[in-house]
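A.B. asks:
In my numbering, the protein residues as written are 733 to 1057.
(1) Could you say if the region 1021-1041 and the region 994-1004 meet the contact criterion of at least three C-beta pairs nearer than 8 Å?
(2) Out of 857, 953, 1041, 1015, state which residue places its alpha-carbon closest to the alpha-carbon of residue 970.
(3) According to the neighbour-count rule (16 or more other Cβ atoms, all chains shown, within 10 Å of its Cβ), is residue 942 buried or exposed?
(4) Cutting at 7 Å between CB atoms, please list the residues of its own chain near residue 838, excluding the five before and the five after it.
(5) Any contact between the region 850-857 and the region 868-876? By contact I mean 3 or more CB pairs, one from each, below 8 Å.
(6) Let me know if residue 843 comes out buried or exposed under the rule of 16 or more other beta-carbons within 10 Å of its beta-carbon.
(7) Starting from the N-terminal side, write out each stretch of the alpha helix (DSSP H) that is 4 residues or longer and does not extend beyond the region 770-801.
(8) Can you tell which of 919, 773, 777 has the C-alpha that lies nearest to the C-alpha of residue 819?
(9) Start and end of the alpha helix (DSSP H) containing residue 759?
(10) Kindly list the residues whose CB is nearer than 6 Å to the CB of residue 761, restricted to its own chain and excluding five residues on each side of it in sequence; keep chain order.
(11) Mind checking who residue 763 pairs with in its DSSP beta bridge?
(12) Go ahead and pull the three-state DSSP assignment for residue 824.
(13) Taking CB distances under 9 Å as the criterion, tell me whether residue 945 reaches chain B.
(14) Quick check on this structure: which residue in 756, 964, 898, 883 has the alpha carbon closest to the alpha carbon of residue 1007?
(15) Let me make sure I understand the geometry here. Which of 967, 739, 982 has the alpha-carbon closest to that of residue 1013?
(16) With three or more C-beta pairs closer than 8 Å as the rule, is the region 862-872 touching the region 733-748?
(17) Pop quiz: residue 770 and residue 817 are said to be a contact at Cβ under 8 Å. What is the actual Cβ separation, rounded to whole angstroms?
(18) Please report the straight-line C-alpha distance between residue 792 and residue 798, rounded to a whole angstrom.
(19) With C-beta atoms as the reference, is residue 815 less than 9 Å away from residue 781?
(20) Can you find the residues in the same chain that come closer than 6 Å, C-beta to C-beta, to residue 980, ignoring five residues on each side of it along the sequence?
(21) Taking residue 973 as the reference, which of 1010, 992, 952, 990 has the closest Cα?
(22) Could you pull the start and end residues of the alpha helix (DSSP H) that residue 872 belongs to?
(23) Does the distance between the C-beta of residue 956 and the nearest non-hydrogen atom of the ligand SAM fall short of 8 Å?
(24) Give the single residue among 891, 790, 894 whose Cα lies nearest to the Cα of residue 982.
(25) Just checking my contact of residue 778 with residue 734 at CB under 8 Å: how many whole Å lie between their CB atoms?
(26) Does the beta-carbon of residue 909 have 16 or more other beta-carbons within 10 angstroms, so that it is buried, or is it exposed?
(27) What residues in its chain sit with their C-beta under 8 Å from that of residue 882, if we drop five residues either side in the sequence?
(28) Could you pull out every residue in the same chain whose Cβ sits closer than 6 Å to the Cβ of residue 1022, ignoring the five residues on either side in sequence?
(29) In the structure shown, what three-state DSSP assignment does residue 1055 receive?
(30) Please state whether DSSP places residue 937 in a helix, a strand or coil.
(31) Can you tell me the Cα-Cα spacing of residue 784 and residue 744, whole angstroms?
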């Protein structure tokens, strides 16, 4: 949750934390299902309170301040985190138990080395990354000018922090090897994102949004619920939170506001709705997280209902707080 909340993309956050989860889970005999529910649920909770593209798209789509969307999503995020913890606790003995063999061979070899770095050295990279990533969000919330202008993309911060961390741990000679391993993990992500973008283009160029509005009118659903519903549907179609919010805000924004929904409420609930079923197989997140936990497609599919429970919890809480009450 914390890593996502400071602006790191959720697939990257899961990749970062997965080796730690595997090591802890193998010692405590926790199932892969429970671990991924915890990782994914925490990531979803952090995602809606972060300056990630989904929050930026929601804020810009309804012309509201990004800080208002982030702060307004905080309580729903806490409720989503609580649901993730509850589900992971219930599921910890269901499914295949994780073992150290589920970790990538290179990572496993690193953990078996006798000259492992100390805690202080290991904390250098994450601390550097967290501090640099937090500068922009803190500036946006506190309206401190120079901090607000310090918008450094995570694409630059994460490699920089990684190199600093490797030097601190005495692993400077392995920069190329570690870089190659990281790039290899992200190739699948890039390729699938191209497909998700194509799906998004088809949706935005069709009359699907208007058909959805007509269907909602026909079945008598209150127009105020169009924001979370559109977020759910568009994220499901593209299997991406960010792309789902971008499409939903662009296609349904004017219609949502015409029903009298406040812009901030629309942005918060749409973003929360986009976390319900955004992890379908046509998206990159499904495959990245499956690979990080060494899961088969079938094992990964069994995680989807529990991820949806976390997202639905956040959506319901956000809707109650901003629209109903």
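Virtual Cβ for every residue (Gly too), placed ideally from N, Cα, C.
C.D. replies: Straight from the coordinates:
(1) no
(2) 1015
(3) exposed
(4) At residue 838, the pLDDT of 47 sits below 50, so the modelled position is not reliable; the number obtained from the coordinates is stated separately. Contacts found: 913.
(5) no
(6) Only weak support exists for where residue 843 lies, its pLDDT of 49 falling under 50; the value from the coordinates is given anyway. By the 10 Å Cβ count, residue 843 comes out exposed.
(7) 785-793
(8) 773
(9) 742-760
(10) 829
(11) 829
(12) coil
(13) Checking the listed chains, one finds no chain B in this structure; it contains a single protein chain.
(14) 964
(15) 967
(16) yes
(17) 7 Å
(18) 8 Å
(19) no
(20) 962, 963, 966, 1002
(21) 1010
(22) 851-874
(23) Annotation note on the ligand SAM: not contained in the displayed structure, which lists no ligands.
(24) 790
(25) 6 Å
(26) exposed
(27) 867, 868, 871
(28) 1032
(29) helix
(30) coil
(31) 12 Å
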